[in-house]
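Since the structure comes first, as structure tokens, the remarks are kept for the end.
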Amino acid sequence: MATQAFQALLQTCKHVVVLTGAGVSAESGVPTFRGSGGLWRTWNATDLATPGAFVRDPSLVWEFYNYRRELVQRCRPNPAHLALAAFERKVTEDGRRFTLITQNIDGLHAAAGSRNVVLLHGSLWDVCRADRHGMKASKPCENRKQPLVPALEGKGAPDPATMAADIPREALPRDDKGHLLRPGVVWFGENLDPDVLSRAQQAVDDADLFITVGTSSVVYPAAGFVSQVAARGVPCAEVNLESSGATASCKYTFQGRAGEILPDLLEVSNV
Ligand code: BV8
């Protein structure tokens, strides 16, 4: 039985690496990108998560992120997050290694108690200065004030009929020198933080067991990790509602909701 064979690996592996995507937070109420929740008003999230979108319409992009900050602030870790945190404790108590690489910016893994987390795409709670191309012009730093500025109060409703707020630039988030601020996350077309990417790559290169959870495996470089690990002959597993770009690389596939599968699969169901 595949599950038993996989669970035997969980007991003996020396460095298990887990990669998560939006699907691990779906049961916490955080919309995914490519499912039914993938649209905000009439835009795909991926259309707004770019420096170009921010240059064209910083007010619209800030409405989008204000909506997500407002929503995620009310979300709590689900059994999938809790099971991963409990499993990390179990593995590290055995003197073995656990690395959690997440594409998510919602902070729910840390909120669930996960410790060794690589935030590949940054954090929803970070802001940084934007240059005239919309690219990062300072190191992202955390600002959990919500809303960040009075002009964003109540703004960002996702309904397609909602009119854009067209907030004047001077009323948008700015630093104490008046520079326009942007969300401190990694946008499409932007490089990842080199230190963060190096931490993730080291874990990928060292893993002797790899589990991908709740990701469509479309966005690079994260989408490339599973095939790198599989190419070394290291067993990979996928937990997902449906098949994805990772499925072909995975020896084990567990189809269903992460919040239902992970507690039993990781044998931490007494979380
Ligand atoms: C970069 C932060 C160098 C912002 C995000 C190579 C080939 C092709 C393209 C590229 C390439 N290399 C680089 C690129 C360009 C681009 C890219 O990959 N484009 C894609 C669209 C083809 N990559 C980049 O730009 C990256 N930068 O590589 O720098 C460079 C620079 C310039 C030019 C070239 C290279 C930066 C990418 C980071 C973008 N930022 N997020 C924000 O969140 O606002 S990406 C964002 O979308 C997420 O972080 C995540 O990574 C991605 C969404 O994917 P998922 O998490 O997988 O979510 P999705 O909804 O798609 O899927 C959910 C899954 O869960 C589904 O499978 C579903 O079935 C499942 N599910 C749902 N519910 C459950 C469930 N599973 C289990 N249980 C459930 N309950």
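Using this note's numbering, read the sequence shown as starting at 55 and increasing by one per residue.
Built from N, CA and C at the ideal position, the CB exists for glycine as well.
Keep in mind it's a predicted model, so treat the numbers as computed, not measured.
Assigned secondary structure, residue i (DSSP; H/G/I helix, E/B strand, else coil)
i	result
Q309	strand
A59	helix
R223	helix
H187	coil
V181	strand
A215	coil
L295	coil
L162	helix
V325	Residue confidence for V325 is low, a pLDDT of 45 falling below 50, so the modelled location carries little weight and cannot support an answer.
L316	helix
E207	coil
V288	coil
Contacting residues, own chain, Cβ-Cβ under 8 angstroms from residue i (five flanking each side not counted)
i	result
V288	A261, D262, L263, F264
P214	L93, R95, T96
A218	D111, S113, L114, E117
Expected contact under 8 angstroms - CB spacing of residue i and residue j to nearest Å
i	j	result
M189	P105	5 angstroms
V267	V293	5 angstroms
P212	W94	5 angstroms
Y306	A140	Actually they do not touch by this definition, with Cβ atoms about 20 angstroms apart.
T216	Q157	Going by Cβ atoms, the distance from T216 to Q157 rounds to 27 angstroms, so no, they are not a contact pair.
S252	V280	Their Cβ separation, rounded to whole angstroms, is 18 angstroms, which puts S252 and V280 out of contact at 8 angstroms.
E226	A254	Checking the sequence shown, residue 226 turns out to be Leu, not Glu. That pair is no contact at about 32 angstroms.
V172	T153	7 angstroms
P275	G238	Actually they do not touch by this definition, with Cβ atoms about 19 angstroms apart.
Sequence-distant residues of its chain with Cβ nearer than 6 angstroms to residue i (five each side left out)
i	result
I298	First, the amino acid is wrong: residue 298 is Ser here, not Ile. These residues qualify, in order along the chain: S270, S271.
E196	W179, D180
E207	P201
D220	S113
S79	N158, D160, L162
E321	none
Sequence-distant residues of the same chain with beta carbon closer than 7 angstroms to residue i, five excluded per side
i	result
R198	W179
D229	R183, L235
F60	A291, Y306
Short CB-CB distance (under 8 angstroms) between residue i and chain D
i	result
F141	Note that chain D does not occur in the displayed structure, where there is just one protein chain.
Runs of alpha helix (DSSP H) lying entirely within the region 61-143, each at least 4 residues, in chain order
Runs of the alpha helix (DSSP H) inside the region 61-143: 99-102, 105-110, 112-127.
Could you tell me whether the region 93-112 touches the region 143-151, where touching means 3 or more Cβ pairs closer than 8 angstroms?
Contact between the region 93-112 and the region 143-151 is absent, because fewer than three Cβ pairs lie under 8 angstroms.
Minimum length 3: unbroken beta strand (DSSP E) runs contained in the region 237-280:
Runs of the beta strand (DSSP E) spanning 3 or more residues and lying entirely within the region 237-280 occur at 263-267, in chain order.
Between the region 84-95 and the region 60-71, do at least 3 Cβ pairs fall closer than 8 angstroms?
Three or more beta-carbon pairs separated by less than 8 angstroms are not found between the region 84-95 and the region 60-71, which leaves the two stretches without contact.
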